[in-house]
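Our numbering applies: residue 925 is where the sequence shown begins, and numbers increase by one.
Worksheet: one structure, shown below.
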Amino acid sequence: MFCRNCGSQIDDNAYICVHCGAATGQGAYFQKAPVDPDEPANGGFVALSILIPMFGIIYGAVEKSNGKLRAGKSYLTCGIASMIAWVVIPIVLSFFIFLLATVLSLLPLIPLMFSSM
């Protein structure tokens, strides 16, 4: 093979060029470390996924694309569940507060309804 930097001929298994010292991009030095798909989720990142749902969704997708399937699924699940909770719970609470306020505002009218009979 030939060096990409200086063009000299070098060994096919060389990590660096012996003439100019440039890295060749070959060999175990440049290979990615193996990833364990069953690596468990980090508790701190799970808590962050619950507090900031978009973090969990984005970080979960990144972890899944990097091969950490179990951790990525955990972050995605926490992020999506938290997103639903942050949206649905306030809507439901608002409805019940509105319902309670309506009932309480009608309470003074109940004696008037029965006094005319």
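We put the beta carbon where it would ideally sit given N, CA and C, even for glycine.
All of these numbers come straight from a predicted model, not from anything done at the bench.
How big is the Cα-Cα spacing for residue i and residue j?
i: I982; j: M1037; result: 57 Å
i: V1034; j: A1025; result: The amino acid at residue 1034 is misidentified as Val; the sequence shows Ile. One C-alpha to the other measures close to 15 Å.
i: V970; j: L1000; result: 9 Å
i: G991; j: C1002; result: 18 Å
i: F1019; j: E963; result: 42 Å
i: F1022; j: S1039; result: 28 Å
i: S1029; j: V1012; result: 26 Å
i: D935; j: A965; result: 43 Å
Is the distance from the Cβ of residue i to the Cβ of residue j below 8 Å?
i: K997; j: G984; result: yes
i: P961; j: R928; result: no
i: S1006; j: P1032; result: no
If you drop the 5 nearest sequence neighbours on each side, which residues of the same chain put their C-beta closer than 8 Å to that of residue i?
i: I940; result: A946, A947, T948
Report the partner residues of residue i according to the DSSP bridge assignment.
i: S995; result: Per the sequence presented here, residue 995 reads as Ala, with Ser not at that position. A995 is not bridged to any residue.
i: A947; result: I940
Would you please verify whether the beta carbon of residue i is less than 8 Å from any beta carbon of chain C?
i: F979; result: Among the protein chains of the structure shown there is no chain C, as only one such chain exists.
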